[in-house]
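Heads up, the thing below is written out as structure tokens.
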Amino acid sequence: MYDKLWLIPLFPFIGFLINGLLGKKIKNEKVIGSIATISIFCSFLVSCKYFFQLLGDNQKVHEVIISSWINAGPLNVDWGFLLDPLSGLMMMNVSGLATLITLYSIGYMHNEDGYYRFFSYMNLFAFAMLMLVLGNNALVMFVGWEGVGLCSYLLIGFYFEKQSASDAGKKAFVMNRVGDFGFLLGLFMLFWSLGQHGVWTVRFTEIAASTQLLENGGIIVTIITLCFFLGATGKSAQIPLYTWLPDAMEGPTPVSALIHAATMVTAGVYMIARMNGLFAMAPETMMVIAIVGASTALFAATIGLAQNDIKRVLAYSTVSQLGYMFLAMGVGAFGAGIFHLLTHAFFKACLFLGSGSIIHGMHHAYHHAHLNDDPQDMRNMGGLRKKMPITFITFLLSTLAISGIPFFSGFFSKDEILWWSFASPRGHWVLWLMGALAALMTAFYMFRLVFMTFFGEQKTDARAKDHIPESPFVITLPLMILAALATVGGLLGIPHVLGKALGHVPNLIENFLAPVFEHTQHLHSLHAHGTAATEFTFMGISVGIATVGIGIAWIMYCKNPQLPAQIVAAFPKLHRAVFNKWYIDEFYDAVIVNPTKRAGTILWQLFDARFVDGIVNGVACLVKGLGRTLRYTQSGYTHSYAMSMVIGVVAIIAVYVFN
Amino acid sequence: MITITHYMAVSAILFSIGTIGVLTRRNAIVIFMCVELMLNAVNLTFIALSSHLGNMDGQVFVFFIMTVAAAEAAVGLALMIAFFRNSDSIDVEDFSLLKW
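This is the structure we're talking about:
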């Protein structure tokens, strides 16, 4: 039934091979772009086929083993794929968005150096990400996990001749390594501790079936899940490992949209959802996850308030929204977290692509006017809604979605997370408050961005401002599709209370995901803490918060544009701290990076240069000295050699005879 | 009556003469001849002991040694000719190119 599942990652891999090996010779941009887009689109078509087949199937979990990979003692690992509602949703999400964004890149990357390189990396990324979500065991997932990390590094450093871009790539890679180390340790411990009970396995289905062998809430399960969570913080940019994501904006904008907003950074969320049974057994870990998620949501949102680079605002917004997903995971609302992952993928990809469209237009105008201004600085924009109408409308729809305006997708998913953060048995009103504050800031900074970019008077340099074009169709088409999804995507997950009020509208996504989260149902029995009335109240509060945030943004950036400057003048220190990202990068440099470098220097100068080199050079000196002494025996005279042979023979015979 | 002891003595004397010749002479051809002398001293021992012990193994050995000696003579003489062409001398004192 599902035995051709391996085609899904195979297509982008073929695209990667063609463009990677032959792209330099092909040269024609249209051909390269088409190969990349078609290969990932084929994979999307196959995904659709299997996804709809799964929808109509009564059995929801299917494993397909391709071949054996490792057989060593009790460790048996296969190349195998797992299709269940969770991986089905993720594969649709990944292949669909990758198709749209690759199509968009054809227009966006026009005339860039290394055009073929970009598209082959994009395909390689799609391959690795699909391996990650479809792998049936933790090792195949880890292959994908490392693969997406590699592609992220390659694509962040795409403009490698720029120092800041290659630095950002290295930073992302190193910080991800810290997380991967946690992932691996967690995996080793899980394998070993399940093995103590006779189950040697890395397969997800077997892990899920045998977690009850471990002590519920015990120290082992807590350590394992904390290690896995460390892996997730690295990949998904959570406190303390989040600082790489804003810097990753050095990459081209489609990369930011695909990898650093919609797919790769959600890998950590996916991984936790995949092992939800294990995580549910460790309440301490869940608490840590919820706290980290809520703090990240709040903290990143504060930084987003004061940034002027359009992509940086979106980057901090991504970190903040990922925090929401982890908050959902932490309070046991796995379905809500995955739902937010999905809606966030729609609206954030649309926002990033929209910002790319703006940057593309600004860059074009500056290029036309021979200016070297920064095309990403929002202070140079304003009034773009007339210049770029399609970009404006799609951007606005997505902004409404992320702000949580009712009936846009973000409203349903964010509201569900906020509700569970309060109502779940593992929730707490403090978590809710942090999430709500973050939602207020989100609405504010997103509308600040919209007002600064699209409204008001045009602040672009006079020589350039009449040359800002609307982007071509390959760019606006993905924008329109994504904006439509961002608008209506939330209808997949209408909350129960609202569904009941409207007359038995089911929560499609929750019902669909139910088989995956059946072991953790007890964590979100509906009436744990509150009644329908309470839930409606909370919903009303969320909407109120979003409206207030938008209102403040409108007052500050539309009605009274002098106000922000006055506020900055009133609190100069606070503004400087926020503007400089609370000096977290400087803090890490001082506490971790520089001491590590210093320790490295000391080890190099003392241990390596003195001790290791000392041993090597000492041996060399010894041999040299011996050689200098002994070379006098090699006189070159045949007689002396013959003499020494005779003496030797006589000596041997003497020993033989006289013994 | 010539006993095995006589054969042994002659052989030892021949071998010693050969050894001293190798150690003291400088002319490569003479050294070469001395080496042949040593080989033949050994051959003599083999044959004498073979006859004395009534065992044919020694004689077989001698054939091998003679064959090797003939081959060695061919190679050795060729080497010396090559060397003489290079340096107009076959004095072993001049054969010291490979020393330190």
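Here the protein sequences line up with chains A and B, keeping their order.
For our numbering, add 391 to where a residue sits in the first sequence, where the first one is 1.
For our numbering, add 10 to where a residue sits in the second sequence, where the first one is 1.
Idealized CB from N, CA, C, for every residue including glycine.
Shortest alpha-carbon distance to residue i belongs to which of the options?
i, options, result
"A:A792", "A:R776, A:K739 and A:M779", "A:K739"
"A:I360", "A:L436, A:L408, A:F435 and A:S434", "Residue 360 of chain A lies beyond the stretch modelled for chain A, which goes from 392 to 1050, so this question has no answer here."
"A:S543", "A:N528, A:S555 and A:L515", "A:L515"
"A:M662", "A:M677, A:I405 and A:L523", "A:L523"
"A:M655", "A:F549, A:M532, A:W995 and A:A556", "A:M532"
"A:K777", "A:E861, A:D852 and A:T709", "A:E861"
"A:G723", "A:L809, A:T938 and A:G801", "A:L809"
"A:L491", "A:P780, A:P869, A:L541 and A:F1002", "A:P869"
"A:L1055", "A:V593, A:A559 and A:D558", "Residue 1055 of chain A is absent from the model: chain A starts at 392 and stops at 1050."
"A:M837", "A:V704, A:A875 and A:L545", "A:V704"
"A:V539", "A:S557, A:Y633 and A:V485", "A:V485"
"A:G487", "A:I429, A:I497, A:N527 and A:F509", "A:I429"
"A:D764", "A:V841, A:F783, A:R854 and A:L446", "A:R854"
"B:V72", "B:F56, B:H62, B:V85 and B:E46", "B:F56"
"A:V468", "A:E926, A:E597 and A:K418", "A:E597"
"A:T790", "A:G752, A:W820, A:T734 and A:K416", "A:T734"
"A:Y499", "A:G642, A:D394, A:G535 and A:E552", "A:G642"
If you reduce the DSSP assignment to three classes, tell me which class residue i lands in.
i, result
"A:G526", "strand"
"A:D638", "helix"
"A:E454", "strand"
"A:D700", "strand"
"B:N50", "helix"
"A:D976", "helix"
"B:D67", "helix"
"A:L474", "strand"
"A:I409", "helix"
"A:D765", "coil"
"A:L1028", "Note that residue 1028 of chain A corresponds to Tyr in the displayed sequence, not to Leu. It is coil, neither helix nor strand."
"A:V722", "coil"
"A:K553", "coil"
"A:H895", "coil"
"A:I885", "coil"
"A:E848", "coil"
How about residue i and residue j: do their beta carbons lie closer than 8 Å?
i, j, result
"A:P476", "A:P906", "yes"
"A:I885", "A:N898", "yes"
"A:G625", "A:I680", "no"
"A:G659", "A:G622", "yes"
"A:I547", "A:A563", "yes"
"A:T867", "A:I750", "no"
"B:V32", "B:I41", "yes"
"A:L718", "A:S812", "yes"
"A:N527", "A:F582", "no"
"A:Q629", "A:L545", "no"
"A:F786", "A:G795", "no"
"A:M843", "A:G773", "yes"
"A:I610", "A:S584", "no"
"A:P403", "A:A556", "no"
Rounded to the nearest angstrom, what separates residue i and residue j at their Cα positions?
i, j, result
"A:H759", "A:P952", "29 Å"
"A:W1078", "A:E675", "Since the displayed chain A opens at 392 and closes at 1050, residue 1078 of chain A lies outside it and no answer follows."
"A:L883", "A:M716", "17 Å"
"A:G940", "A:V984", "37 Å"
"A:F587", "A:A599", "This sequence places Gln at residue 587 of chain A; Phe is not what is there. Rounded to the nearest angstrom, the two C-alpha atoms are 16 Å apart."
"B:M18", "A:V1041", "18 Å"
"A:M483", "A:F435", "7 Å"
"A:T851", "A:H754", "11 Å"
"A:L732", "A:H895", "25 Å"
"A:I1043", "A:M1034", "14 Å"
"A:N771", "A:Q849", "8 Å"
"A:R839", "A:A756", "23 Å"
"A:G464", "A:S458", "17 Å"
"A:G847", "A:L775", "9 Å"
"B:V70", "A:Q1025", "38 Å"
"A:P963", "A:Q957", "10 Å"
"A:F798", "A:Y974", "38 Å"
"A:F970", "A:D976", "12 Å"
Measuring from the CB of residue i, is there a heavy atom of the ligand NAP at a distance below 7 Å?
i, result
"A:G447", "The ligand NAP is absent from the structure shown, which contains no ligand whatsoever."
List the DSSP bridge partners of residue i.
i, result
"A:S459", "A:D469"
"A:R594", "A:N528"
"B:N37", "B:D101"
"A:D448", "Paired residues: none, contrary to the question."
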